[in-house]
Amino acid sequence: MSELRDALSQAAQAKLLLVALDFDGVMAPLVDNPYESRALPESLSAVDFLDRLPRTWTAFITGRNLDNLRSVVTPPRSTLLYGAHGAEVSVPDAADVPDAAVPGSGDDLSTRELRVLDVIDTAHEELDTHLNHTGISGMWLERKPLGRAFHTREVEPEGAEIVRRALDELSAELDDVRIVHGHDIVEFSVRSTTKGDAIDQLMQTTRADAAIYMGDDTTDEDAFRHLNRYPGGLTVKVGPGQTEARFRAEDPREVSRALAHLASAREREVSREA
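Just so we're aligned, residue 96 is where the sequence shown starts under our numbering, counting upward by one.
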């Protein structure tokens with residue numbers, strides 16, 4: 096934690112600072128039902144504090160679609176929101192950004208993309224029927240504007256192999272679909288947008304001199320790789336596992352402490368220049 100604290104203290108001295116965060120597993124501990132996920136109060140308080148400081152931007156970059164994200168958290172008023180791994184973007188009116196170009200989201204799906212989603216829905220119905228007949232429960236489908244996510248955290252061990260084989264077969268059938276394996280989730284997306292693309296857009300939008308990104312899952316590796324290319328990029332992997340992030344936090348509780356430290360250091364920096 097000491098190395099991370101030192102790096103955060105250094106980042107806090109930047110003229111323009113960006114603090115971007117994944118939600119699940121970073122702001123909020125992982126839970127079986129993602130609709131019951133809630134940010135740790137200390138983390139949300141620190142982000143809200145940072146969001147109010149001058150020359151400081153905050154952002155959430157999540158695999159959730161934006162409506163889903165807003166159902167589990169009320170973001171600080173100026174926080175930039177990137178849902179569906181960056182394919183959905185919301186720039187609040189209160190966000191003081193030099194360039195707020197917003198790409199299209201899930202409202203303009205092509206005929207091909209709609210057809211792919213229909214194929215996935217049909218495959219889910221067939222798999223669900225098969226699992227019900229064999230007495231296996233726990234799998235459920237999350238319908239997102241740009242894709243579908245199969246949640247498997249609550250599947251019994253004896254059913255996990257059946258689900259894995261079925262999703263592997265579905266993957267082999269689909270062309271031009273981005274497939275991401277995360278924490279007990281397999282997501283199929285009709286767009287190839289990644290969290291790395293979201294990082295690139297945020298860097299262009301905010302023109303930050305220093306930027307921090309904290310994430311915990313496979314999809315966050317794209318963000319780590321992209322941010323590591325920028326001078327002043329600070330990447331933090333939350334939890335265990337191989338990563339390209341340069342620093343590590345043990346869990347969301349340690350994230351809370353890191354964000355509180357960053358908020359305090361940033362306040363001192365901007366107060367010194369006031």
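C-beta: ideal position from N, C-alpha, C; glycine also.
Tell me which residue opens and which closes the beta strand (DSSP E) that residue i is part of.
i, result
"Glu-339", "Counting along the chain, Glu-339 falls outside any beta strand (DSSP E), and DSSP gives it neither H nor E."
"Glu-237", "235-239"
"Ala-305", "305-310"
"Arg-243", "242-246"
Kindly list the residues whose CB is nearer than 7 Å to the CB of residue i, restricted to its own chain and excluding five residues on each side of it in sequence; keep chain order.
i, result
"Met-96", "Glu-349"
"Arg-150", "Lys-110, Leu-111, Leu-112 and Val-365"
"Ala-123", "Ser-132, Arg-133, Ala-134, Leu-135 and Pro-347"
"Ala-102", "Leu-329 and Phe-342"
Using 8 Å for Cβ pairs, my map puts residue i next to residue j. What's the rounded Cβ distance?
i, j, result
"Ala-154", "Thr-174", "6 Å"
"Gly-120", "Pro-347", "7 Å"
"Trp-372", "Leu-113", "The structure shown does not extend to residue 372, since the chain is modelled only from 96 to 369, so the question has no answer here."
"Leu-111", "Asp-295", "Not a contact, Cβ separation roughly 16 Å."
"Ala-107", "Arg-361", "4 Å"
"Ser-351", "Ser-104", "No, Ser-351 and Ser-104 are not in contact; Cβ-Cβ is about 17 Å, not under 8 Å."
"Asp-117", "Asp-279", "Not confirmed; about 16 Å, so no contact."
Verify the contact flag: residue i, CB atom, against every heavy atom of the ligand FAD, threshold strictly below 8 Å.
i, result
"Ala-255", "Questions concerning the ligand FAD fall outside what the structure shown contains, since it holds no ligand whatsoever."
To which residues of the same chain is residue i closer than 6 Å at the C-beta, ignoring the five residues directly before and after it?
i, result
"Ala-222", "According to the sequence shown, residue 222 is Leu rather than Ala. Excluding residues within five positions, the ones whose Cβ falls inside 6 Å are Ala-261."
"Tyr-177", "Ile-156, Val-184 and Ala-293"
"His-228", "none"
"Ala-141", "Leu-354, Ala-355 and Ala-358"
"Gly-201", "Confidence at Gly-201 is low in this model, with a pLDDT of 47, below 50, so its placement is unreliable and the value that follows should be read with caution. Pro-240 and Leu-241, listed in sequence order."
"Thr-338", "Lys-332"
"Arg-273", "Ser-284 and Ser-287"
Using the Cβ count rule (16 or more neighbours within 10 Å means buried), how would you classify residue i?
i, result
"His-180", "buried"
"His-246", "buried"
"Arg-286", "buried"
"Pro-129", "buried"
"Thr-330", "buried"
"Asp-271", "exposed"
"Pro-240", "buried"
"Asp-127", "exposed"
"Leu-265", "buried"
"Arg-395", "Because the chain spans 96 through 369 in this model, residue 395 falls outside it and cannot be assessed."
"Leu-209", "exposed"
"Arg-324", "exposed"
"Asp-263", "exposed"
"His-321", "buried"
"Glu-282", "buried"
Keeping to the same chain, check which residues put their C-beta closer than 8 Å to that of residue i; ignore five residues upstream and five downstream.
i, result
"Arg-100", "Ala-353 and His-356"
How far does the alpha helix (DSSP H) with residue i in it extend, from its first residue to its last?
i, result
"Ala-115", "Where Ala-115 is concerned, there is no enclosing alpha helix (DSSP H), although the beta strand (DSSP E) it sits in stretches over 112-116."
"Ser-232", "Unbroken run through Ser-232: none, as it is neither H nor E."
"Ala-358", "347-368"
"Gln-105", "97-106"
Worksheet item: Curious, which full-length alpha helix (DSSP H) runs of at least 4 residues does the stretch 128-205 contain?
Response: 136-147 and 161-167
Worksheet item: Where are the alpha helix (DSSP H) runs, 4 residues long or more, that stay fully inside the stretch 253-333, in chain order?
Response: 290-301 and 315-322
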